[in-house]
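Notes to accompany the following structure.
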Amino acid sequence: MSKIYETTVTNTGGRTGEVISSDGKFSLKISSPTLNLEGTTNPEQLFAAGYSSCFNGALQAVMAKNKVSFKTNVTAKVALHNNGELNFNISVDLQVEIIGADKEIAEKLMHEADLVCPYSKALKNNVEVTLSLK
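Next comes the structure, spelled out in structure tokens:
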């Protein structure tokens, strides 16, 4: 396995704190989604941003491999669940839009992207992920 990128982000203060990248490219205030504090984001939003971006990148790679080109949008809806005392988990609904592709081609591309996306691979058999076409 050949590493192509690595990043480091540090959190201080947990869900009412801050995350800072080691390269200084970003520093974000964090709060629990239930607090809804102005000027903050939360881990679930950051996860949704990462997964939707990664999946769309995988979709672009799959399209290039298949020698097709469509405009794409990927929306990630991430839900936080409380299953009892200190038993939390997330679920993800990925909505994939492949503009101009017929349904059969769009479904094929979406499922191929799911097989190569690093986030999808990491979540497989651990997080409930629903894929759907917009």
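Under my numbering, think of the first position of the sequence shown as 186, with each following residue one higher. All C-beta atoms in this analysis are idealised placements derived from N, C-alpha and C, irrespective of residue type, glycine included. Values in this document were obtained by computation on a predicted structure and should not be read as measured data.
- Taken through DSSP and simplified to helix, strand or coil, Thr219 comes out as coil.
- Out of Thr192, Glu297, Glu292, Leu271, the CA that lies nearest to the CA of Gly209 is found in Thr192.
- Around the C-beta of Ala264, fewer than 16 other C-beta atoms lie within 10 Å, and the residue is accordingly described as exposed.
- For the 8 Å CB-CB criterion, Val301 and Ala261 do not form a contact.
- The DSSP assignment places 228–250 as complete runs of the alpha helix (DSSP H) inside the region 209–296, in order along the chain (cut-off: 4 residues).
- Taking C-beta atoms under 8 Å as the contact rule, Val314 and Leu279 qualify, at a distance of about 6 Å.
- Distance from the CA of Ser305 to the CA of Lys288, rounded to the nearest whole angstrom, comes to 21 Å.
- Going by beta carbons, Arg200 and Ser212 fall outside the 8 Å limit.
- Residue pairing by DSSP places Asn311 in no beta bridge whatsoever.
- With fewer than 16 other beta carbons inside 10 angstroms of its own, Tyr190 counts as exposed.
- Distance from Val281 to Lys319 at the Cβ level is roughly 7 Å; contact confirmed, criterion being Cβ atoms closer than 8 Å.
- Annotated three-state conformation of Thr192 is coil, per DSSP.
- Among the bridge pairs identified by DSSP, Thr201 is matched with none.
- The DSSP-derived three-state label of Ser317 is strand.
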